[in-house]
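> For the sequence shown, numbering that gives the first Met the number 0 begins at 0 and goes up steadily by one.
Built from N, CA and C at the ideal position, the CB exists for glycine as well.
Since the model is a prediction, treat every value here as computed from it, not as a measurement.
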Amino acid sequence: MGNILYYVFFFTEGIVLKTEENTLLSANILVVDDDPAILRLLTHLLEQGGHRVRTAMDGNQCLQMILQDCPDVLITDWMMPGLDGLELCRRIRQLHNRKVLPHYTYILLLTAQSGKKFFIEGLESGADDFIEKSTASLSDLRIEIKARLKAALRTRKLEIDLEFAAKYDALTLLLNRVTFFELAQVIWERSIKNKFPLSTVMFDCDFFKRINDIHGHLAGDAVLREMASILKSYSRSSDIICRYGGEEFCVLLPGCNEKTAWNWAERIRRRFETNPIKHSNFEISITVSFGVAERMEDTAFLDQQIERADQALLFAKESGRNRCIRFSETIASETENVHGTCDLIELFSGVTAGEVMIPFTLSISPKETVASVIDFFLRTRIESLPVIDDNNHLIGMVSEKNLIPLIGNLSRWQEPIGDLVTPNVISYPVETPLKIVFDFLCRISARQILLVQGKTPVGFINRTPLLRWLRNRWAVFCGHFNEIVPIISVRDIPVQNLKDSIEVLMKELAVLDETLSNRDNDENWEKNRNRIVALISQCQDVMDQVLKYSASHSEPDSENLSPFASL
């Protein structure tokens with residue numbers, strides 16, 4: 000394998016550690032001894048190994064140096080005047096337990112003592128290992144120090160790895176949520192004390208699930224890594240950035256008011272919009288939505304400011320995505336008293352999903368065949384239906400998406416539809432507040448959600464009936480029904496194109512009838528099979544249009560509908 004390089008970047012403390020196989024890690028080492036000759040000897044041996052070495056003559060001086068710059072390894076003499084080695088170990092461990100020191104210090108106790116009793120006493124005081132002064136030669140001492148340092152630095156490296164894993168997101172190498180809050184709280188308190196502006200930005204990738212579904216999860220991971228890289232390139236060293244969860248990121252911008260933070264976010268938004276992300280042999284175009292909030296006088300807690308940025312992000316999603324929204328804009332939209340406006344929250348007040356749902360009147364047995372279900376979908380123009388077992392419990396959903404891939408596969412045509420059911424169906428109880436369903440449909444790309452009573456599906460809600468309900472309720476609430484729900488005159492609906500389509504279709508059917516009048520001619524049927532299928536589909540489509548036209552006329556004009564009657 001050769002030499003294997005290993006890098007750990009410890010962003011918080013600015014430490015960069017590099018190791019090679021069979022090579023010691025370059026470390027920060029502090030040596031304490033009251034004998035200058037031993038200090039010089041150990042310093043020489045350690046510096047030959049590439050380590051940074053500092054020295055102290057007694058325990059008190061050592062403690063002061065540790066508080067200023069915590070070493071990776073401490074080599075201390077056991078017997079020293081004043082604060083001896085054992086007491087020094089105890090003091091260091093106390094500092095570490097109280098989290099005064101930024102990391103663990105591995106302690107090597109330098110001693111002329113020997114025997115199990117002394118070793119146990121040293122370990123109980125906080126020492127990790129021992130170097131005996133009675134080593135026969137300088138060469139042996141160098142070998143022993145190298146071996147014991149190697150063990151010490153393995154321990155230190157493991158600690159660094161664990162602390163890195165605890166503080167950083169492995170995929171994006173950004174701070175994780177827990178560490179973000181720890182650091183952000185310090186900035187938050189400093190902002191209040193020194194009265195400087197502080198803004199929070201929340202953002203995520205629009206329709207991220209589609210990227211995973213279309214290109215795969217490796218592509219999704221590549222997008223997140225690139226988003227993090229671009230985010231860091233636009234940020235200052237004082238900004239605190241984290242992966243908040245999933246495809247959502249959070250940034251704390253010290254010294255930035257809402258306008259400045261919005262400008263910063265808008266630059267990044269345009270960067271994502273105009274520069275596709277490259278992965279493997281293709282490019283992935285993405286857009287990003289941002290929510291921005293500034294600390295105000297009434298913002299009591301950091302959590303509250305982050306929640307406001309998240310509300311602005313939700314507003315950006317609901318407003319069409321690919322935009323930056325300030326929290327102040329959401330307040331203005333809620334409090335603005337303009338002719339015909341209405342508070343969206345007021346529209347949802349006290350309304351459950353069951354009051355707005357479309358009831359299920361049809362369902363499918365899992366024993367039905369693929370052929371019969373496809374025929375049923377085509378005859379009824381239904382796109383999806385729940386599959387219910389004999390106990391009226393929901394098994395899942397079956398839709399056109401499940402059925403289309405089976406065209407051309409005769410062996411599966413008579414399979415039971417239960418084998419094709421999509422079991423992971425999004426469902427809510429009927430008593431769920433409608434606002435929760437509304438927010439969910441605004442966040443994701445799913446077309447509809449099911450409503451269940453216990454385990455039995457009773458209805459569904461999708462965006463079209465929800466839009467109709469919201470419009471009608473708004474019209475009733477604000478008292479401007481005729482302006483919000485305009486009455487379309489029958490004469491305003493163009494029908495000439497529909498008439499022309501019917502006439503052309505009738506002529507085609509007549510020609511086809513003449514061509515196929517000879518039923519004994521199998522060659523004619525075979526030659527016109529595709530034409531027959533196309534004409535039947537056209538007939539069904541035209542009849543759909545006729546029905547829709549008829550439904551829009553409260554008093555249909557017999558003259559206008561005469562071509563329909565002839566069909």
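Taking its Cβ as the centre, do 16 or more other Cβ atoms sit within 10 Å of R242, making it buried, or is it exposed?
buried
> Could you tell me which of I130, T351, R209, W412 sits nearest to T286, measuring between CA atoms?
R209
> Excluding the five sequence neighbours on either side, which residues of its own chain have a C-beta within less than 6 Å of the C-beta of V350, listed in chain order?
L433
> Please go through the same chain and pick out, in chain order, the residues whose beta-carbon is closer than 8 Å to the beta-carbon of S318, but skip the five residues on each side of it.
I324
> Could you give the first and the last residue of the continuous beta strand (DSSP E) run that contains H102?
Per DSSP, H102 belongs to no beta strand (DSSP E) and is neither H nor E.
> Quick one: grab the DSSP three-state call for P404.
helix
> According to DSSP, is V429 helix, strand or coil?
coil
> Taking all protein chains shown into account, decide if R462 is buried (16 or more other Cβ within 10 angstroms of its Cβ) or exposed.
Burial is judged here by how many other beta carbons sit within 10 angstroms of a residue's own beta carbon; R462 has fewer than 16 and is exposed.
> My guess is that M64 and D33 are in contact by the Cβ rule of under 8 Å, so how many angstroms apart are they, rounded?
The pair is not a contact, with the Cβ atoms about 15 Å apart (cut-off 8 Å).
> Of the choices N27, E293, R307, W77, whose alpha-carbon is the least far from that of T259?
T259 has its Cα closest to that of E293, out of N27, E293, R307, W77.
> Can you tell me whether H43 is buried or exposed, with buried defined as 16 or more other CB within 10 angstroms of its CB?
Around the beta-carbon of H43, fewer than 16 other beta-carbon atoms lie within 10 Å, marking it exposed.
> Indicate the three-state DSSP secondary structure (helix, strand or coil) for T22 in the structure shown.
Unreliable placement is indicated for T22, whose pLDDT of 39 sits below 50; no coordinate value is reported for it.
> Using the Cα positions of L41 and F180, report the straight-line distance between them to the nearest angstrom.
43 Å
> From C255 to P196, what distance separates their C-alpha atoms?
5 Å
> Per the contact definition of three or more C-beta pairs closer than 8 Å, is the region 167-186 in contact with the region 220-240?
yes
> How big is the Cα-Cα spacing for R322 and V386?
40 Å
> Check K277 in the structure and name its three-state DSSP category.
strand
> Please state if the CB of A264 and the CB of V200 are separated by a distance shorter than 8 Å.
yes
> Please return the same chain residues whose Cβ sits closer than 8 Å to the Cβ of D238, not counting the five positions on each side in sequence.
Residues V250, L251, L252, P253 of the same chain have their beta carbon placed closer than 8 Å to that of D238, with the five preceding and five following residues left out of the count.
> Should T54 and L109 be called a contact, given that it needs their Cβ atoms to be closer than 8 Å?
no
> Grab me the residues of E430's own chain with a C-beta within less than 8 Å of its C-beta, minus the 5 sequence neighbours each way, in chain order.
T351, A352, G353
> Check whether the Cβ atoms of I363 and V397 lie closer than 8 Å to each other.
Pairing I363 with V397 gives a Cβ-Cβ distance under 8 Å.
> Quick one: Cα of F207 to Cα of H216, how far?
10 Å
> Taking the beta carbon of Q67 as the centre, do at least 16 other beta carbons fall within 10 Å, making it buried, or is it exposed?
exposed
> So, at 7 Å on beta carbons, what are the nonlocal neighbours of N21 in its own chain, with the 5 sequence-adjacent residues on each side left out?
The pLDDT assigned to N21 is 35, lower than 50, so where the model puts this residue is not dependable, and the model offers no usable value.
> Let me know if T298 comes out buried or exposed under the rule of 16 or more other beta-carbons within 10 Å of its beta-carbon.
buried
> Taking the alpha-carbon positions, what's the Y105 to I240 distance?
31 Å
> Taking the straight line between their C-alpha atoms, what separation do you get for I91 and L100?
9 Å
> With a threshold of 8 Å, are at least 3 pairs of Cβ atoms found where one atom belongs to the region 112-119 and the other to the region 150-170?
no
> Does DSSP put R266 in a helix, in a strand, or in coil?
helix
> Just to confirm my understanding: we take D491, look at its own chain, exclude 5 residues before and 5 after, and list those with CB closer than 8 Å. What are they?
Caution is warranted here: a pLDDT of 45 is assigned to D491, below 50, making its placement in the model unreliable, and the coordinate value is therefore given only provisionally. Result list for D491: empty, nothing under 8 Å.
> Starting from the Cα of N391, find the closest Cα among I403, F347, V457 and give me that residue.
V457
> Would you call R599 buried or exposed, if buried means 16 or more other Cβ atoms sit within 10 Å of its Cβ?
Residue 599 lies beyond the range of the chain shown here (0 to 566); nothing can be said about it.
> Could you check where the alpha helix (DSSP H) with E188 kicks off and where it finishes?
176-193
> Are H102 and C69 touching if we call contact CB-CB under 8 Å?
Yes. Within cutoff.
> Which same chain residues, not among the five before or five after D220, have their C-beta less than 7 Å away from its C-beta?
L170
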